[in-house]
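Each residue of the sequence shown is one higher than the last, beginning at 72 in the numbering used here.
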Amino acid sequence: MGRTFGVGILGAGIGENHVRALITLPDRFRVVTVCALEQDQASRIAALAPGARTDSDIAKVLNDPDVDLVVNGLPPHLHCPVTLDALAAGKHVVCEKPMALSIRDAVRMRDAALSADRVLAPVFQYRYGLGFRQLRHLIASGLAGRPLVASLETHWNRGDDYYALPWRGTWEREGGGAILSHAIHAHDLLTVAMGPIAKVSATLATRVNDIEVDDCAAIAFTMASGALATSSITLGAAEDTSRLRFCFSNLTAESGLSPYHPAQAPWTFTARTKSEQSAIDEAVGSIMDGPESFAGFYAALGHRLMGAETDIVTPDDGLRSVELVTALYRSSRSGNAVSLPLSADALDASGWGPG
Numbered sequence: 072m073g074r075t076f077g078v079g080i081l082g083a084g085i086g087e088n089h090v091r092a093l094i095t096l097p098d099r100f101r102v103v104t105v106c107a108l109e110q111d112q113a114s115r116i117a118a119l120a121p122g123a124r125t126d127s128d129i130a131k132v133l134n135d136p137d138v139d140l141v142v143n144g145l146p147p148h149l150h151c152p153v154t155l156d157a158l159a160a161g162k163h164v165v166c167e168k169p170m171a172l173s174i175r176d177a178v179r180m181r182d183a184a185l186s187a188d189r190v191l192a193p194v195f196q197y198r199y200g201l202g203f204r205q206l207r208h209l210i211a212s213g214l215a216g217r218p219l220v221a222s223l224e225t226h227w228n229r230g231d232d233y234y235a236l237p238w239r240g241t242w243e244r245e246g247g248g249a250i251l252s253h254a255i256h257a258h259d260l261l262t263v264a265m266g267p268i269a270k271v272s273a274t275l276a277t278r279v280n281d282i283e284v285d286d287c288a289a290i291a292f293t294m295a296s297g298a299l300a301t302s303s304i305t306l307g308a309a310e311d312t313s314r315l316r317f318c319f320s321n322l323t324a325e326s327g328l329s330p331y332h333p334a335q336a337p338w339t340f341t342a343r344t345k346s347e348q349s350a351i352d353e354a355v356g357s358i359m360d361g362p363e364s365f366a367g368f369y370a371a372l373g374h375r376l377m378g379a380e381t382d383i384v385t386p387d388d389g390l391r392s393v394e395l396v397t398a399l400y401r402s403s404r405s406g407n408a409v410s411l412p413l414s415a416d417a418l419d420a421s422g423w424g425p426g
């Protein structure tokens, strides 16, 4: 059975998704506190978890001996400072995306977790879905073959209601636009499926909303393997859809259109040589259902907290995503392709905002 970890939730927006996932794993996690300025919202979310209380003081949560794990679901400009405070208080930390708003802050967070001997898990819950697990099995087994090309679509509808929160759409508090707040998940899945990114060329624009940051993008990637990928992003679509398509030398894999759960089934896996289809189908069928999305993320984290080696999101994963965002802004502003990895001494390593 093992121990149960007490959890303090910071933020009552995305925090609800975390609470709903945590209560599905009562043998491993217990929600102790939901902390938010909006106490009515905090109370509603806390009511989902038996025995959970509410607070509006972050310091109280960080100093609560009943809290072993802090979930940082605050606006992005608070991810780094509050995570550092939580690690200093001896807590494990789950940090919502983006992990930080600069390469240097992401490095500080990673190093602080190592120094404190605490787990820091950036949130990339899209990794946890049956369809994507099936794809990863096909890749690991060799059935997929070499990565060739990929196309990613993040076509969502975001308008005045979404940007009514004062921190959204701003450089200072959200830290970036659609490539940071929306497509960051698709780009993470690209790296999991096809490996490290070697070069990016990006054109970013603000064409939909009256905001400071980008809401449209066209991006080209060259992977370290030589594979090529494209990412099309807009917040001006009629409906919210996400689509992932990966072409390998032996098969093509394609997700459904679910905006929040593109990694979940049903996916299609089509053999390039028809005689190989039965082997692919058999391999896909061998992967059983399991916890998905946030529940899958926390199931893996629970095993890691108990000392097991599991496939969790690491601080280095979070750092690489921050590094990619930095490269995308650099490329768009300069008009040039940008090679990865980036130097931590680069001027934009302290932030990619204007100036």
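Cβ coordinates follow ideal geometry from the N, Cα and C atoms, glycine included.
Worksheet item: Tell me the DSSP bridge mates of E224?
Response: S303 and R314
Worksheet item: Taking one C-beta from the region 170-179 and one from the region 377-396 each time, how about it: are there three or more such pairs within less than 8 angstroms?
Response: yes
Practice prompt. Report the partner residues of S272 according to the DSSP bridge assignment.
Written response: A291
Practice prompt. Tell me whether the beta-carbon of G216 lies closer than 8 angstroms to the beta-carbon of N321.
Written response: yes
Item to complete: Jot down the residue ranges of each uninterrupted beta strand (DSSP E) in the region 157-185, minimum 3 residues, whole runs only, in chain order.
Response: 163-166
Worksheet item: Three-state secondary structure (DSSP) at T154?
Response: helix
Worksheet item: Which ranges would you report for the beta strand (DSSP E) in the region 311-389 if only whole runs of at least 3 residues count?
Response: 322-325 and 339-342
Practice prompt. Assuming G287 contacts A300 (C-beta within less than 8 angstroms), just tell me the rounded distance between them.
Written response: A small fix is needed here, since residue 287 is Cys in this sequence, not Gly. The pair is not a contact, with the Cβ atoms about 18 angstroms apart (cut-off 8 angstroms).
Fill in: C-alpha gap between H89 and S357, whole angstroms
29 angstroms
Worksheet item: How do the region 195-210 and the region 358-371 stand: do at least 3 beta-carbon pairs fall below 8 angstroms, yes or no?
Response: yes
Discussion item. Is the beta carbon of V142 closer than 8 angstroms to that of G86?
Written reply: yes
Discussion item. Using the three-state DSSP reduction, which class does P147 fall into: helix, strand or coil?
Written reply: helix
Fill in: Whether P425 touches W242 by CB criterion (8 angstroms)
yes
Worksheet item: Do V178 and A415 have their CB atoms nearer than 8 angstroms?
Response: yes
Discussion item. I want to see whether chain B comes within less than 8 angstroms of R278, judged by CB atoms only; does it?
Written reply: Going by chain labels, chain B is absent from the structure shown, which holds only one protein chain.
Worksheet entry | Pair within 8 angstroms by beta-carbon distance, V164 and R181 | no
Item to complete: Keeping to the same chain, check which residues put their C-beta closer than 6 angstroms to that of H256; ignore five residues upstream and five downstream.
Response: Y197
Practice prompt. Express the C-alpha separation of D232 and P386 in angstroms, rounding to a whole number.
Written response: 32 angstroms
Worksheet entry | Bounding residues of the alpha helix (DSSP H) (the contiguous stretch that carries T262) | I255 to M265
Fill in: Secondary structure of I195, DSSP reduced to three states
The sequence as given places Phe at residue 195; Ile does not occur at that position. Three-state DSSP puts F195 in coil, outside helix and strand.
Discussion item. Whether or not the region 123-138 and the region 397-413 are in contact is what I'm after, with contact meaning three or more pairs of Cβ atoms, one per stretch, closer than 8 angstroms; do they touch?
Written reply: no
Worksheet item: Would P333 be called buried (16 or more neighbouring beta carbons within 10 Å of its own) or exposed?
Response: buried
Discussion item. Going by beta-carbon coordinates alone, are L133 and K162 separated by less than 8 angstroms?
Written reply: yes
Discussion item. What does the alpha-carbon distance come out to for the pair V95 and I304?
Written reply: Per the sequence shown, residue 95 should be read as Thr rather than Val. Those two C-alpha atoms are separated by around 33 angstroms.
Fill in: C-beta contact flag for T75 and R101 at 8 angstroms
yes
Discussion item. So, at 8 angstroms on beta carbons, what are the nonlocal neighbours of L328 in its own chain, with the 5 sequence-adjacent residues on each side left out?
Written reply: T312, S313 and R314
Item to complete: With DSSP as the reference, label G86 as helix, strand or coil.
Response: helix
Discussion item. Less than 8 angstroms between the beta carbons of F317 and A264, yes or no?
Written reply: yes
Fill in: Three-state class that DSSP yields for R239 in the structure shown
coil
Worksheet item: Would DSSP call V78 helix, strand or coil?
Response: strand
Worksheet item: Going by the CB atoms, is the gap between L223 and S302 shorter than 8 angstroms?
Response: yes
Practice prompt. Look at the Cβ atom of I282, then the Cβ atom of G240, and state whether they are nearer than 8 angstroms.
Written response: yes
Practice prompt. Enumerate in chain order the residues of its own chain whose CB-to-CB distance from Y234 is below 7 angstroms, with the five nearest sequence positions on each side excluded.
Written response: G240, N280 and I282
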